[in-house]
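Chains as they are written, first to last, in the working numbering: chain A, 12 to 282; chain B, 186 to 543.
Ideal Cβ positions, reconstructed from N, Cα and C, are used throughout, including at glycine.
Below is one structure, written out as structure tokens, with a few remarks after it.
In structure tokens:
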């Protein structure tokens, strides 16, 4: 400890103090905010619409209205369908923490049964896309190459070529696709959550949706050819590394090459 | 009799404050310096030199091993389906890239660092400045040359015989102008290729990638968007470069495309939409990126390149960004079988503005 105090007037002491404070704050935040809770997969129980209605009134009706008819703060859910409810709630986007530009993915507080109950009640109000079954989202035998073509044409401009996400206007963004499972990807395409357009079964058939899911999942697990992913956002991060890292290194080398040499004049130690 | 001064704060590049005894040797103008006598044969501080020698030797040995490693990585890590233990192309490429890149970088950096240390610390640090004699010739030589040049001009008869001079210019003039004519012929002129796309009356819109034609019932959900191309052009990249179109479906009442004419030519209109489905060119009118970021909630189309934003509900009017013109609208209708077809080609050029667009 005394060695630290002895160096308190060192020129780098200020920088060390700030860095140490940042590290402490970061560690405290990650410890206290906790990891995500995962909803356990339930046994196949029939959805209870009455239960769903009471859950809805408890958690969702403040913004969406008692009959899901919508208020000034949130749209009507009549006709939204069970798939939309399952997507929004299983990714934790709903119930929304705050009304902002976009609802981010966060750990969900609801079990799968509860989500299915609420979805069942919403579906009973006005129909809408149903939750896809396991076989509907299975990527066995999917054509990943066609999925790649469709992804590039319809999805990559918002979500990035490697599914790393991208920016939209006024604070909205297309999220990265690394956390979504196959069901959620299918539901997102089917229902078009928030600013995302709808890709109904008429424009992209269920088989083509499975191809796209296969491509997304495949890309997620592929190694990066260069070693580091650099966020998989392409030119931005790669350019940053090249300019700051590469060019900075070259500038330092240039400074060293041209620095005037000091002559050492040490009287002692003559051989 | 100099006092020891406060040493200056040194940063990289600050020259040393005390000059060495034989730091600089400067000659008079035009005088030669005997470099053999002036250069010291050994560095002044031999202990320091020995230390540096060891460091440089280590650098070179490291470079040797890195270079050998480069060759070994190239020969040893095989990439591709013909490789003996082929697993995954991306995986193999990653390992190969990493090994080759690291070894080559280390080898070159080590050679460079070793050489730099050698030159900076083991070679003499003496500036030898030999001033040149004046470059300008002395006046007698200049006068002599001037005489010789004028006599030469007379002897060649160019100054004395104007007919010769003038016909020489006449002979060479056409050949000098010939490149202008020859270069004009390079490449085909665009003619009207900038003004037309592949769309024609009655050509069906098919989904890009699957080539499936669409009926309005296929795009029935408000907020739907899909990219389409003209039927039959799936492999023709030249035609597709201009012909990409996005179809957007709106809820009833939301789509309000204004009717816009340019003289006699209609440019936009609700009569070009089918069941609240509108078709816009996918090529941005700024620099030509595919503009397909569609935000369903605000019905804005955003171009990812320079963030030009178009209002899809009001004729793709530009509401933000550097684009100067709204996206052209493709007239859409249905054919006898109910599929979506174009009613004609675009009535204005798609893509970035160009000088002759008029």
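Can you tell which of the options has its C-alpha closest to the C-alpha of residue i?
| i | options | result |
| --- | --- | --- |
| residue 203 of chain A | A/41, A/21 and A/93 | A/93 |
| residue 471 of chain B | B/356, B/214, B/414 and B/494 | B/494 |
| residue 161 of chain A | B/356, B/269, B/352 and B/413 | B/413 |
| residue 430 of chain B | B/298, B/455 and B/465 | B/465 |
| residue 292 of chain B | B/478, B/249 and B/307 | B/249 |
| residue 143 of chain A | A/233, A/130, A/262 and A/105 | A/130 |
| residue 167 of chain A | A/207, A/150 and A/213 | A/207 |
| residue 225 of chain A | A/194, A/15 and A/213 | A/194 |
| residue 219 of chain A | A/231, A/236 and A/196 | A/196 |
| residue 312 of chain B | B/423, B/496 and B/211 | B/211 |
| residue 381 of chain B | B/535, B/223 and B/540 | B/535 |
| residue 385 of chain B | B/404, B/256, B/343 and B/515 | B/515 |
| residue 190 of chain A | A/182, A/59 and A/199 | A/199 |
| residue 70 of chain A | A/252, A/211 and A/120 | A/120 |
| residue 244 of chain B | B/281, B/290 and B/364 | B/290 |
| residue 281 of chain B | B/387, B/389, B/542 and B/255 | B/255 |
For chain A, find out if any of its Cβ atoms is closer than 8 Å to the Cβ of residue i; answer yes or no.
| i | result |
| --- | --- |
| residue 265 of chain B | no |
| residue 520 of chain B | no |
| residue 241 of chain B | no |
| residue 394 of chain B | yes |
| residue 310 of chain B | yes |
| residue 186 of chain B | With a pLDDT of only 40 at residue 186 of chain B, under the threshold of 50, the placement of this residue in the model should not be trusted; the figure read from the coordinates follows. Not an interface residue. |
| residue 408 of chain B | yes |
| residue 403 of chain B | yes |
| residue 158 of chain B | Chain B is shown only over 186 to 543; residue 158 of chain B falls outside these bounds and no answer can be derived. |
| residue 475 of chain B | yes |
| residue 256 of chain B | no |
| residue 279 of chain B | yes |
How long is the line joining the alpha carbons of residue i and residue j, rounded to whole angstroms?
| i | j | result |
| --- | --- | --- |
| residue 137 of chain A | residue 264 of chain B | 56 Å |
| residue 302 of chain B | residue 241 of chain B | 7 Å |
| residue 215 of chain B | residue 337 of chain B | 33 Å |
| residue 510 of chain B | residue 164 of chain A | 23 Å |
| residue 6 of chain A | residue 258 of chain A | In this structure chain A extends from 12 to 282, so residue 6 of chain A is not present and cannot be described. |
| residue 452 of chain B | residue 209 of chain A | 27 Å |
| residue 238 of chain A | residue 287 of chain B | 11 Å |
| residue 501 of chain B | residue 174 of chain A | 27 Å |
| residue 340 of chain B | residue 350 of chain B | 14 Å |
| residue 106 of chain A | residue 64 of chain A | 15 Å |
| residue 233 of chain A | residue 271 of chain B | 15 Å |
| residue 374 of chain B | residue 513 of chain B | 24 Å |
| residue 355 of chain B | residue 328 of chain B | 34 Å |
| residue 400 of chain B | residue 523 of chain B | 6 Å |
| residue 182 of chain A | residue 408 of chain B | 20 Å |
| residue 315 of chain B | residue 209 of chain B | 11 Å |
| residue 21 of chain A | residue 28 of chain A | 11 Å |
| residue 241 of chain A | residue 172 of chain A | 14 Å |
| residue 490 of chain B | residue 221 of chain A | 29 Å |
| residue 267 of chain B | residue 251 of chain B | 27 Å |
| residue 498 of chain B | residue 435 of chain B | 8 Å |
| residue 300 of chain B | residue 308 of chain B | 11 Å |
| residue 213 of chain B | residue 317 of chain B | 9 Å |
| residue 393 of chain B | residue 76 of chain A | 41 Å |
What are the residues that DSSP puts in a beta bridge with residue i?
| i | result |
| --- | --- |
| residue 386 of chain B | Bridge partners of residue 386 of chain B: none, in fact. |
| residue 183 of chain A | DSSP, once it has assigned bridges, lists no residue as partnering residue 183 of chain A. |
| residue 446 of chain B | B/451 |
| residue 362 of chain B | None, per the DSSP bridge assignment. |
| residue 209 of chain B | B/312 |
| residue 480 of chain B | B/485 |
| residue 228 of chain A | Beta-bridge pairing links residue 228 of chain A to no other residue. |
| residue 411 of chain B | B/432 |
| residue 517 of chain B | B/527 |
| residue 252 of chain A | In the DSSP output, where bridge partners are listed per residue, residue 252 of chain A has none listed. |
| residue 465 of chain B | B/431 and B/514 |
Strictly under 8 Å for the Cβ-Cβ distance: is residue i near chain B by that measure?
| i | result |
| --- | --- |
| residue 50 of chain A | Reliability fails at residue 50 of chain A, whose pLDDT of 42 lies under 50, so the model's placement of it is uncertain and no value is given. |
| residue 105 of chain A | no |
| residue 183 of chain A | yes |
| residue 210 of chain A | yes |
| residue 80 of chain A | no |
| residue 109 of chain A | no |
| residue 191 of chain A | no |
| residue 195 of chain A | no |
| residue 153 of chain A | no |
| residue 258 of chain A | no |
With three or more beta-carbon pairs closer than 8 Å as the criterion, would you say the region 466-485 of chain B touches the region 428-448 of chain B? The region 466-485 of chain B makes contact with the region 428-448 of chain B, as at least three CB pairs between them are under 8 Å.
For the structure I just gave you, are there three or more beta carbon pairs, one from the region 320-328 of chain B and one from the region 215-224 of chain B, closer than 8 Å? By the criterion of at least three beta-carbon pairs nearer than 8 Å, the region 320-328 of chain B is not in contact with the region 215-224 of chain B.
Can you find at least 3 beta carbon pairs, one from the region 83-93 of chain A and one from the region 116-133 of chain A, that sit closer than 8 Å? At 8 Å Cβ cutoff, the stretches touch.
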